[in-house]
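To keep things clear, I will list the structure first and then write my remarks on it.
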Amino acid sequence: MSPQLTLSAHSIALVGAGSMAGAFGTGLAERGITVDAVLSLHLSSARRLARRIHSPAAITDPALLPATVSLLLLAIPDNALTAAAAAIAERAPLLFRRLTALHTSGALDAGALDPLRNLGTSTGAIHPLQSFPRTFTPEQNAARLTGIPFAIDGSRKAQGLAREIAFLFNGVFFHIPAEKRALYHAAAVFSSNYLVASIAAAAEILKTSFRVSPRILEPIARASIDAALTASPESALTGPIERGDVRTVERHIAALAKYHPRLLPLYSSLGIEAVRMGTHKGTLDPAKADELRSLLTRASKRSKR
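In the numbering used here, the protein residues as written are 6 to 310.
Right under this line is the structure:
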């Protein structure tokens with residue numbers, strides 16, 4: 006059976022109306038899957054998303070969820086998940102033993118939905134390994150769901166539906182055990198949020214010191230990411246640390262200390278990791294590695310005074 010047919014057999018309710026919920030709701034609607042209700046804390050947000058995806062119900066009270074709902078998709082912030090699950094468990098007129106509930110958190114496991122599981126609901130998690138900027142439209146974010154990996158967890162039934170959702174978006178899935186969800190999410194943060202933070206640091210220098218658009222970073226940033234992902238991060242590593250150029254790193258530290266001291270801790274931390282990579286790669290002389298590590302450690306401590 007196709008994912009469309011499998012999911013169309015369910016009455017689906019979407020919990021949330023933010024960028025993640027908008028991506029999933031729009032993506033489902035674009036593939037002919039009806040979302041029967043949008044539940045959100047704010048009625049205006051629920052109505053806006055419901056209109057966009059042609060959902061017949063926009064609500065703020067779990068008691069108003071259609072009794073026929075058999076699949077709950079909770080796309081809300083991590084710190085709201087368990088409270089939302091508890092409110093639904095307490096107030097919603099659902100057949101909980103026939104219900105499957107999936108949340109979209111990367112850091113939390115299916116245990117975040119224990120108030121529902123305790124009533125017999127099959128619970129799980131489906132986290133799209135992707136970013137969904139708030140500045141993007143739901144349609145733009147929905148497009149970002151296509152062909153990506155999804156990290157799943159939960160009961161056998163819940164994982165089965167999570168796989169169908171991944172297949173619906175032409176994606177792939179992989180299982181992350183409950184005890185390692187936070188570790189997996191930390192890896193995702195390194196590859197997305199902290200990558201953005203690194204680019205933001207470079208952009209700050211260019212804009213404030215040279216009045217140059219950060220867009221000039223695009224070729225080098227894209228080339229570096231492409232090389233790191235298609236080959237390996239170590240093989241993609243180039244630059245002064247990889248070749249043991251202590252003098253250039255000293256100049257960087259002096260310039261940052263003078264013009265952008267706030268960025269010194271970030272530069273030093275990333276530099277120390279680059280030293281480790283260069284040493285493991287075998288291109289960085291051990292003596293130079295020690296010198297660079299000491300230099301970067303001192304710079305980091307100096308910036309904290």
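A virtual CB, placed ideally from N, CA and C, is assigned to each residue, including glycine.
Beta-ladder partner(s) of residue i, from DSSP
i: Pro154; result: Val177
i: Val40; result: Ile17
i: Ala63; result: Val43
i: Gly159; result: Gly129
Neighbourhood of residue i by C-beta distance below 7 Å, restricted to the same chain and skipping five residues each side
i: Ile210; result: His265
i: Ala226; result: Ile204
i: His108; result: Leu79, Leu86, Ala117, Leu118, Ala130
i: Ser110; result: Asp83, Leu86, Ala117, Ala130, His132
i: Val251; result: Lys293, Glu296, Leu297, Leu300
i: Ala89; result: Val20, Leu79, Ile81
i: His180; result: Ile157, Asp158
8 Å contact criterion, which residue i and residue j should meet: CB distance rounded
i: Ala130; j: Ala115; result: 5 Å
i: Ile38; j: Leu78; result: Rounded, the Cβ-Cβ distance is 11 Å, inconsistent with contact.
i: Ala112; j: Leu134; result: Not confirmed; about 13 Å, so no contact.
i: Gly21; j: Ala80; result: 4 Å
i: Ser127; j: Thr142; result: Rounded, the Cβ-Cβ distance is 32 Å, inconsistent with contact.
i: Leu12; j: Glu169; result: 6 Å
i: Ala178; j: Ala171; result: Before going on, a small fix: residue 178 reads as Phe here, not Ala. Right, the Cβ-Cβ distance comes to about 4 Å (below 8 Å), so this counts as a contact.
i: Ser229; j: Ser136; result: Rounded, the Cβ-Cβ distance is 18 Å, inconsistent with contact.
i: Thr65; j: Leu46; result: 6 Å
Beta-carbon proximity list for residue i, same chain, < 6 Å, skipping 5 on both sides
i: Met282; result: Glu239, Leu242
i: Ala55; result: Val43, Ala63
i: Ser313; result: Only positions 6 to 310 of the chain appear in the structure, and residue 313 is not among them; the question remains open.
i: His15; result: Ser75, Leu76
i: Ala232; result: Ala241
i: Ala91; result: Pro120
i: Leu19; result: Ala26, Gly30, Val40, Val43, Leu78
i: Ile221; result: none
i: Ser60; result: Val40, Val43
Other residues of its chain near residue i: CB distance less than 8 Å, five sequence neighbours each side excluded
i: Pro219; result: Ile204, Ala207, Ala208, Leu211, Lys212
i: Val280; result: Ile246, Leu289, Ala294, Leu297, Arg298, Leu301
i: Ala183; result: Asp114, Ala115, Gly116, Asp158
i: Arg103; result: Ser75
i: Gly152; result: Phe174, Asn175, Gly176
i: Leu275; result: Ser203
i: Arg139; result: Gly23, Ser24
i: Leu269; result: Ile258, Leu261, Ala262, Ala304, Ser305, Arg307, Ser308
i: Thr31; result: Arg57, Ile58, Pro143, Glu144, Asn146, Ala147
i: Ala68; result: Arg96, Ala97, Pro98
i: Leu271; result: Ala202, Ser203, Ala206
- Are there three or more Cβ pairs, one per stretch, closer than 8 Å when the region 25–37 is compared with the region 132–151? Per the Cβ contact rule, the region 25–37 is in contact with the region 132–151 (3 or more Cβ pairs under 8 Å).
- Item | Segment contact, 8 Å Cβ cut-off, at least three pairs: the region 42–53 with the region 153–173 | No contact exists between the region 42–53 and the region 153–173.
- Completely contained beta strand (DSSP E) runs for the region 70–132, where each covers 3 or more residues: Listed in chain order, the complete beta strand (DSSP E) runs (minimum 3 residues) inside the region 70–132 are 76–79, 105–108.
- Task: Could I get the ranges of all uninterrupted alpha helix (DSSP H) runs contained in the region 246–272, with 4 residues as the minimum, in chain order?
- Result: Within the region 246–272, the complete alpha helix (DSSP H) runs of at least 4 residues are 251–264.
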